[in-house]
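Going left to right, the sequence shown walks through residues 1 to 359 as the numbering used here numbers them. Here the structure is laid out as structure tokens; the discussion comes afterwards.
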Amino acid sequence: MFIKNLSLKNFRNYENEVFDFKSGINVLVGDNAQGKTNCAEAVFYLCTGYSPRASKDKQVIRYGEKSANIVGSCQSRYGKVEVSIEFTGSQKNIALNGVPIKKIGELMGNINSVFFNPGELKLIQQSPEDRRRFLDISLSQMDRSYFYSLQKYRKILEQRNDLLKNPDREVVYDTLPLWDSELSSVAIEIINKRKEFISKLIPHAKNFHFYVTGGEELELSLETPYFSGTTKEDLITAFSEKTEKDLVLGYTTVGPHRDDIKIKIDGEDVRVYGSQGQQRTTAISLKLAELEVFNERFNEYPILILDDALSELDSKRRLKLIEKLKGFQTIITLTDLPLELQNLGDINVINVSGGKIKN
Ligand SMILES: Nc1ncnc2c1ncn2[C@@H]1O[C@H](COP(=O)(O)OP(=O)(O)OP(=O)(O)O)[C@@H](O)[C@H]1O
Ligand SMILES: [Mg+2]
């Protein structure tokens with residue numbers, strides 16, 4: 001799958017530009033604050049309907065303008081896919097091959113991408129929430145029913161949390177088992193899909209990481225600190241065991257909203273002991289593994305977007321990473337074109353300056 005062209009109108013610092021991409025390596029080069037990440041962000045929007053920066057939709061409208069538009073034409077193994085998004089400030093209107101969609105879930109899986117930017121280092125350094133976000137974005141693109149389960153789970157969880165705050169304890173004890181059963185049904189689906197995804201990720205992430213680092217052993221596992229079982233019934237038991245605690249706290253302490261990914265290098269927790277470069281390489285290893293899992297599932301690679309991924313990597317790691325960028329479309333943003341990339345020859349270089357393409 002690859003994106004052929006991308007048109008941006010009043011999107012961020014772009015007034016009206018069209019990007020032509022190749023199916024191989026595309027490099028967006030430019031000084032700081034010229035619009036490289038903005039372009040990468042637009043591609044991610046077309047895939048998921050959301051900003052990878054988790055910023056508000058209306059922030060993408062060019063200063064002083066009333067609306068913004070992005071349109072992308074992609075080629076997948078099933079044919080052409082065109083996605084357009086109009087941002088009006090109060091809403092976004094998404095169309096797929098010219099037909100407006102009603103729910104954002106309908107967009108998922110049409111154009112797939114794997115996105116890395118320095119913010120993704122949160123995946124390693126920060127809270128479990130960022131690691132769950134990684135799982136959720138990947139799985140939602142791969143499996144629309146996962147996205148719907150997640151939405152449903154969040155809704156029921158909110159209702160359960162409201163119930164925990166109800167001062168009428170009789171009502172609480174009467175109704176909780178019902179909520180626990182409903183919540184467990186959706187939760188177990190989410191947990192199982194996350195486990196399956198991680199188990200598929202592991203061999204690729206290990207291989208890639210070993211190769212790029214010249215010998216580091218990467219280990220990954222899904223942590224479900226609130227239960228050790230495998231079934232819906234195990235989960236219902238975990239909910240009921242924690243009822244008293246949840247009532248005191250006023251929120252739910254059991255469920256996939258507490259999951260985390262444990263990441264180790266050579267047996268040590270990379271969050272605590274990893275160097276900057278190690279953490280960056282680990283995040284990239286996870287992303288490249290994700291690319292392989294997509295390909296195994298759909299027999300087609302998604303688009304790889306590497307926003308400012310190469311800085312902080314030493315030249316050996318950089319070269320090995322670049323060697324791996326074969327057989328799929330990559331969009332890389334950089335402030336300077338490194339020799340390792342120049343030497344590849346067959347790359348599409350797009351110079352970006354002040355929200356304009358300068359070629
Ligand atoms: N809604 C908007 N309207 C106009 N300009 C915007 C808007 N949102 C962001 N910008 C501007 O876009 C510019 C470029 O942002 P971008 O993040 O794409 O830079 P970059 O080329 O990736 O730079 P760096 O190398 O520092 O990462 C910033 O100067 C920012 O002020
Ligand atoms: Mg940037």
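Glycine included, each C-beta is placed from N, C-alpha and C at the ideal position.
Straight-line CA distance for residue i to residue j?
{"i": "residue 3", "j": "residue 17", "result": "15 Å"}
{"i": "residue 251", "j": "residue 158", "result": "9 Å"}
{"i": "residue 341", "j": "residue 322", "result": "7 Å"}
{"i": "residue 124", "j": "residue 42", "result": "24 Å"}
{"i": "residue 236", "j": "residue 266", "result": "36 Å"}
{"i": "residue 27", "j": "residue 47", "result": "19 Å"}
{"i": "residue 168", "j": "residue 248", "result": "14 Å"}
{"i": "residue 170", "j": "residue 163", "result": "11 Å"}
{"i": "residue 291", "j": "residue 232", "result": "30 Å"}
{"i": "residue 136", "j": "residue 55", "result": "17 Å"}
{"i": "residue 101", "j": "residue 49", "result": "11 Å"}
{"i": "residue 20", "j": "residue 73", "result": "10 Å"}
{"i": "residue 7", "j": "residue 33", "result": "19 Å"}
{"i": "residue 256", "j": "residue 186", "result": "10 Å"}
{"i": "residue 310", "j": "residue 10", "result": "29 Å"}
Which residue wins for smallest C-alpha separation from residue i, given the options the options?
{"i": "residue 285", "options": "340, 198 and 351", "result": "198"}
{"i": "residue 348", "options": "15, 11 and 24", "result": "24"}
{"i": "residue 253", "options": "333, 160 and 47", "result": "160"}
{"i": "residue 282", "options": "109, 338, 117 and 69", "result": "117"}
{"i": "residue 78", "options": "301, 59 and 245", "result": "301"}
{"i": "residue 111", "options": "119, 38, 345 and 71", "result": "71"}
{"i": "residue 296", "options": "204, 209 and 222", "result": "204"}
{"i": "residue 22", "options": "230, 332 and 119", "result": "332"}
{"i": "residue 98", "options": "114, 149 and 80", "result": "80"}
Helix, strand or coil: which one does DSSP assign to residue i?
{"i": "residue 345", "result": "coil"}
{"i": "residue 205", "result": "helix"}
{"i": "residue 79", "result": "strand"}
{"i": "residue 64", "result": "coil"}
{"i": "residue 164", "result": "helix"}
{"i": "residue 32", "result": "coil"}
{"i": "residue 238", "result": "helix"}
{"i": "residue 360", "result": "Residue 360 lies beyond the range of the chain shown here (1 to 359); nothing can be said about it."}
{"i": "residue 216", "result": "coil"}
{"i": "residue 42", "result": "helix"}
{"i": "residue 198", "result": "helix"}
{"i": "residue 284", "result": "helix"}
{"i": "residue 107", "result": "coil"}
{"i": "residue 118", "result": "helix"}
{"i": "residue 309", "result": "coil"}
{"i": "residue 139", "result": "helix"}
Could you please give the first and the last residue of the uninterrupted beta strand (DSSP E) stretch that includes residue i?
{"i": "residue 406", "result": "As shown, the chain starts at 1 and ends at 359. That puts residue 406 outside it, with no answer to give."}
Taking CB distances under 8 Å as the criterion, tell me whether residue i reaches chain B.
{"i": "residue 225", "result": "Included in the structure is just one protein chain, with no chain B present."}
Starting from residue i and walking both ways along the alpha helix (DSSP H), at which residues does that stretch end?
{"i": "residue 50", "result": "Segment: none, residue 50 is in no alpha helix (DSSP H) and carries neither H nor E."}
{"i": "residue 23", "result": "Neither: residue 23 is in no alpha helix (DSSP H) and is coded neither H nor E."}
Inter-stretch contact at 8 Å, needing at least 3 Cβ pairs: the region 85-93 / the region 260-271: no
At least three beta-carbon pairs within less than 8 Å, the region 310-322 to the region 233-245: no
Given 8 Å, three or more beta-carbon pairs between the region 146-161 and the region 176-191: yes
Three CB pairs or more closer than 8 Å across the region 90-107 and the region 266-280: no
At least three beta-carbon pairs within less than 8 Å, the region 99-110 to the region 127-144: yes
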